[in-house]
Amino acid sequence: MGLIRSILVRLLSAQPFEMQALDTLAETMKAASIIKTDRFRRYYKSSILPIPCLAYSDALVFNSNYYQMLSPDEVLAIGAHEFNHIAKRHIAKRLPRTVLPAAVLAIVTGYLFFINSASFLFVASAMVLSFFFFLFGSYYVNAKWFRKQETESDLTAVEFVNGTAMISALARLRPQKTSWLSKLLPQLHPTIEQRIHNIQAAMITKNSFNFTVTFGDGAR
Ligand SMILES: [Zn+2]
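With the numbering used here, the residue at position 119 of the sequence shown is 138, and numbering never jumps.
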C-alpha cells in the first residue's frame, strides 16, 4: 500500500508532519493500518489538495490552508472522523460499488465496439470515456450510502473527541460553494448544516447519558 501513498504524496506535493496526539487517537480508535505505517509518514499537508482532508488506508492528507485555521482540538476532531473511515475500511468498501462496476461496464462497452469491428483507437477511447461515465453514475447511485458513512464517521468521532471542536472545525468550511457545477455533482456528504445538527443531537444524547450515570453514582 506504500506505493499508492507515495504516488499520492508526490501528486499532491504533500509535506509530512508528526503529531503524537493524532497517533494516540488513532490507536484508541483502532485505525490499525495507519498505526502500522512509519510514524513520519502518517500525516501530510498539501496546498493543492482540493478538499479539506483526504483519508487513505495508511495516510491522512490535510489541505494546508484548512489545517492552518484549525486549533489542536479541531485537528483531532477531523482526525477522528478520518480514523473512523480507516478503522471501518470505508475506502476499501467503496471500491466494489464504484471503480469495480465502472471497470466491468467499460470492458463490456469496449467488447461491444470490438465485435462490431471498430478501430483499436475507437475501442480504447470508448472504454476510457465509458469508464468515467459509469464511475460518475456509480457515485450518483451510491450517494446516499456515502452520506451514511460520513454521518457515521462524524458521530463516532464525537465519542472520542470534543464535539464542540468538531462543530467549529466544520463551521470553518462554510460557506460551501454552490456553483451550478457543484449542484450537478453527486452529494457525497450531508450539508455542513445537517452534519452540525446531527452532531449536536448526538452530544445532547451523550450528555444526558452522562448525567444519568453521574446522578446514579451520586445516589448510591
Ligand atoms: Zn468523511
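Heads up, the beta-carbon is just placed ideally off N, CA and C, and yes, glycines get one too.
These numbers come from a predicted model, not from an experiment.
Item                                                                                     : Value
Cα-Cα separation between G156 and F139, rounded to whole angstroms                       : 25 Å
Inside the stretch 174-223 only - alpha helix (DSSP H) runs reaching at least 4 residues : 182-190 and 199-203
Buried or exposed (CB count within 10 angstroms, at least 16 for buried), H216           : exposed
Helix, strand or coil at R239 [DSSP, three-state]                                        : Note that R239 scores a pLDDT of 47, beneath 50, so its modelled location is shaky and nothing firm can be said.
CB contact flag (P205, Y130, <9 Å)                                                       : no
Those residues which DSSP pairs with F81 across a bridge                                 : K64 and C72
Cβ-Cβ separation, F179 to L44 (assumed contact under 8 Å), whole Å                       : 7 Å
heavy atom of ligand 1 below 8 Å from E46 C-beta                                         : no
heavy atom of ligand 1 below 8 Å from A74 C-beta                                         : yes
Selection from K163, R116, Q168 and M88 that minimises the alpha carbon distance to K107 : Q168
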